[in-house]
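Visitor: I am attaching a structure below and will ask some questions about it afterwards.
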Amino acid sequence: MTAVIEARNLSRWYGNILGISEINLDINQGITALLGPNGAGKSTFMKIITGQLKPSLGQVRILGQPVWNNFRLFRRLGFCPEADAFYEDLNGMEFLTGLLRLCGFSREESEARTRWALETVELQAASLRPIRSYSRGMRQRLKIAQAFAHDPDILILDEPLNGLDPLSKRQIIKLIKEFRDAGRTIVVSSHVLPEVEALTSEIILIHHGKILARGDVHFIRELLDTHPHKIRIQSQAFRLLAKLLAVEDYILNITFEPERQAVVFETHHRDHFFNRLNELLLEHGLDIEEITSPDDNLQAVFDYLVGK
Amino acid sequence: MKQEIQRVFSFSLFAGIKSRRSRTFFLISSAAILMALVIRIYRLAGNWTEDSQVIFQNFLMSFFLQFLIVILALFYGSSMVVEEIENRTLPYLTTRPLRRAAIIAGKYFASLTLTTVMLFSTLLISYLILNLDSDFSIKHLLTVIRYAAVLWLGLAAYLAFFSFLGTWLKKPVLVGLAFGFGWESVIQYFPGTTQKLSMAHYLKSLLPQFTTSAGKLGFLFIRLEPTRPWLAVLILLAIASVSLVLACLIFSFKEYLFED
């Protein structure tokens, strides 16, 4: 069976800067997540598969057809761009109706679809307000609504959960899963692993323009678990905490920051660490001012994976 | 293709009407009304006793022809693509089932409609302010229709040319300003065929009475060596058509990158 999206030796440079390099991918029905730190090449890939950029080398086909300048294909494709950009002087209703009219729907059909899409993302109450007055979360939901309002077979969502509060995130994740259940193909990009985990188990790790790994979420979790994490704790009892945790075999290194009354632990097993930390805090009645993870982001994991 | 152009036209016109920029340019256009009022009051005070038709012709040449249609065309034409790139809204258009050429053509006709409304409304009101008196007759209205047609032709040609610059260049406004207020202003004072390298020359050729105008601003056009009117119309239409086709072609094949 032919994949819905096929990329072959896909490369793209911006002058001397590499966007993506020799990407070979088959994406099928269901949710596929592109996971990578900012600047990894996710957006470049999405811009190529939505016909906004031409590949420097290689080719991409959607439903067996080339994408660049293939305007008919866009009836079957919905795109949610990463940028927080709108026609600010329009209201939500006008924005969606206008874009649906561009797709060729009649006025009545456009208005009916607009009402349905706004209701789906729970924006109907704000539909007559100018977009410039929307909160970040409302804007993000409106952007998602314009991507699915014309009922496309393929949804390309670039960082769709950015800027959403936890409740909105849950709603959008539920919505994306409903699209999957309806048999659509959805490509989602993100740089936040828990978001991706909540959406799908089919993950493509992308870094420095190359596909680093492809697999399900457990594989990624394993990679994360073997990556030593740094956890910084600020507390008046930082020396006591260090003493109590030093005996644990999953602690690899301890560094003191006495001027800030803080200690930095390096561990292979975050979960074990936090479980033990909670026990110690309760047993000894210790107070903590702040817990941070200096390298708790994908960039650190990727740097570790590529051997930096 | 026609339906696609209509769809983009409707969307762009609606978005244009609601945009803050249109309100700003309506205000700029309305400066003509204010100027006409000032002139009228000045004349009522007994100054500037020349024929009101001649005064309006001078006003038309200096404000409408050499300033207003150029500035409207420049900002609407050159920003046609640049504004979508700067506001990052271009993907909303380019990921719809529309030919890229239809996007430019639809946006061009929407901009032309908006700017035409701005131009005609201020032209008519300022004409009436300057000429509505006991001598006014319906014949004078035919004159204003003729002026309006010439200005509209100029607007269509400039708008198409600046749309072409807008699809082609990264910073089209600077080049457009240099062309609209530098080249176009200077070149027409050159004698012989050199002045025919400006669009303003052909527009002025369609208003031949100005060649012998004795108005206070007559120095602006005394050097005109007019082209025959039918040829001037043809050349202006050709400039508009070729520029628009080039704009559509460039937009169809060019990639537009955001400043990431």
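Protein chains in written order, with the numbering used here: chain A, 1120 to 1427; chain B, 3 to 262.
By construction, the Cβ of each residue, glycine as well, lies at the ideal position given by its N, Cα and C atoms.
All values reported here derive from a predicted model rather than from experimental measurement.
1) Just how far apart, CA to CA, sit residue 1263(A) and residue 254(B)?
2) CB of residue 8(B) to nearest heavy atom of the ligand FMN: below 7 angstroms?
3) Is the distance from the Cβ of residue 1174(A) to the Cβ of residue 1130(A) below 8 angstroms?
4) With contact counted as at least three CB pairs below 8 angstroms, one residue from each stretch, are the region 1194–1210 of chain A and the region 1253–1267 of chain A in contact?
5) Hey, which unbroken runs of the beta strand (DSSP E) at 3 residues or more fall wholly within the region 159–207 of chain B?
6) Which residues in the same chain have their Cβ closer than 6 angstroms to the Cβ of residue 243(B), if we skip the five residues on either side of it in sequence?
7) Return helix, strand or coil for residue 1211(A), following the three-state DSSP convention.
8) Going residue by residue through the region 1239–1312 of chain A, where are the continuous beta strand (DSSP E) segments of at least 3 residues, counting only ones entirely within it?
9) Between residue 1407(A) and residue 1354(A), how many whole angstroms is the CB-CB distance? I'm expecting something under 8 angstroms.
10) For residue 1391(A), which of helix, strand or coil comes out of DSSP?
11) Is the CB-CB distance between residue 3(B) and residue 104(B) below 8 angstroms?
12) Only counting the same chain, and skipping five residues up and downstream in sequence, which positions put a Cβ closer than 7 angstroms to that of residue 84(B)?
13) From 30(B), 204(B) and 170(B), pick the residue whose C-alpha is nearest to that of residue 65(B); which is it?
14) Could you check the C-alpha separation between residue 46(B) and residue 96(B) for me, to the nearest Å?
15) In whole angstroms, what is the alpha-carbon distance linking residue 1243(A) and residue 1233(A)?
16) Would you identify the three-state DSSP class for residue 78(B), choosing helix, strand or coil?
17) Could you pull out every residue in the same chain whose Cβ sits closer than 8 angstroms to the Cβ of residue 1258(A), ignoring the five residues on either side in sequence?
18) Taking the C-alpha atoms as reference points, what is the distance between residue 14(B) and residue 227(B)?
19) Would you kindly check if the distance between the Cβ of residue 1389(A) and the Cβ of residue 1348(A) is under 8 angstroms?
20) Is there at least one Cβ from chain A nearer than 8 angstroms to residue 117(B)'s Cβ?
21) Assign residue 7(B) to one of two classes, buried (16 or more other C-beta atoms within 10 Å of its C-beta) or exposed (fewer than that).
22) Could one say the Cβ of residue 257(B) lies closer than 8 angstroms to chain A's Cβ atoms, at least one of them?
23) Using only alpha-carbon positions, find the residue among 1377(A), 1387(A) and 1381(A) that is nearest to residue 1370(A).
24) For the beta strand (DSSP E) holding residue 1383(A), just list the boundary residues, first then last.
Guide: Let me spell this out:
1) Locating residue 1263(A) in the first sequence gives position 144, where the first residue counts as 1. Locating residue 254(B) in the second sequence gives position 252, where the first residue counts as 1. Approximately 27 angstroms between the Cα atoms of the pair.
2) Only the bare structure without any ligand can be found here, which leaves the ligand FMN out of the picture.
3) Here residue 1174(A) corresponds to residue number 55 of the first sequence, with the count starting at 1. Here residue 1130(A) corresponds to residue number 11 of the first sequence, with the count starting at 1. Against a cut-off of 8 angstroms, the Cβ pair of residue 1130(A) and residue 1174(A) comes out as a contact.
4) yes
5) none
6) Taking the first residue of the second sequence as 1, we reach residue 243(B) at position 241. Same-chain partners within the cutoff: there are none.
7) On the first sequence, residue 1211(A) is found 92 positions in, with the first residue counted as 1. In the structure shown, residue 1211(A) sits in a helix (DSSP, three-state: H, G or I).
8) 1273–1277 and 1304–1309
9) On the first sequence, position 288 is the one that residue 1407(A) refers to. On the first sequence, position 235 is the one that residue 1354(A) refers to. Sure, about 5 angstroms apart at Cβ, within 8 angstroms.
10) As a first step, residue 1391(A) must be located in the first sequence, where it is residue number 272. Of the three classes helix, strand and coil, the one that applies to residue 1391(A) here is helix, per DSSP.
11) Residue mapping note: residue 3(B) aligns to position 1 of the second sequence, counting from 1. Residue mapping note: residue 104(B) aligns to position 102 of the second sequence, counting from 1. Closer than 8 angstroms, so yes.
12) Taking the second sequence and counting its residues from 1, the one referred to as residue 84(B) is at position 82. Here the set comprises 168 and 174.
13) Taking the second sequence and counting its residues from 1, one reaches residue 65(B) at position 63. Ranking the options by Cα distance to residue 65(B), first place goes to 30(B).
14) Indexing the second sequence from 1 puts residue 46(B) at position 44. Indexing the second sequence from 1 puts residue 96(B) at position 94. Cα-Cα distance, rounded: 56 angstroms.
15) On the first sequence, residue 1243(A) is found 124 positions in, with the first residue counted as 1. On the first sequence, residue 1233(A) is found 114 positions in, with the first residue counted as 1. So the two alpha carbons sit approximately 9 angstroms from each other.
16) As a working note, residue 78(B) is residue 76 in the second sequence. Looking at residue 78(B) - three-state DSSP - the assignment turns out to be helix.
17) Numbered from 1 along the first sequence, position 139 holds the residue referred to as residue 1258(A). Result list for residue 1258(A): 1203, 1205, 1250 and 1282, in chain order.
18) Against the second sequence, residue 14(B) aligns to sequence position 12. Against the second sequence, residue 227(B) aligns to sequence position 225. Cα to Cα, residue 14(B) sits roughly 40 angstroms from residue 227(B).
19) Stepping through the first sequence from its first residue, residue 1348(A) is reached at position 229. Stepping through the first sequence from its first residue, residue 1389(A) is reached at position 270. In this structure, residue 1389(A) lies closer than 8 angstroms to residue 1348(A) by Cβ.
20) Locating residue 117(B) in the second sequence gives position 115, counting from the first residue. False, the Cβ-Cβ gap to chain A never drops below 8 angstroms.
21) Within the second sequence, residue 7(B) is the residue found at index 5, counting from 1. Looking at its Cβ environment, which holds 16 or more other Cβ atoms inside 10 Å, residue 7(B) is buried.
22) Numbered from its first residue, the second sequence carries residue 257(B) at position 255. Answer yes: the Cβ-Cβ gap between residue 257(B) and chain A drops below 8 angstroms somewhere.
23) In the first sequence, residue 1370(A) corresponds to position 251, counting from 1. For the residues 1377(A), 1387(A) and 1381(A), the minimum Cα distance to residue 1370(A) belongs to 1387(A).
24) Along the first sequence, read from residue 1 onward, the residue named residue 1383(A) stands at position 264. That run of the beta strand (DSSP E) goes 1381–1386.
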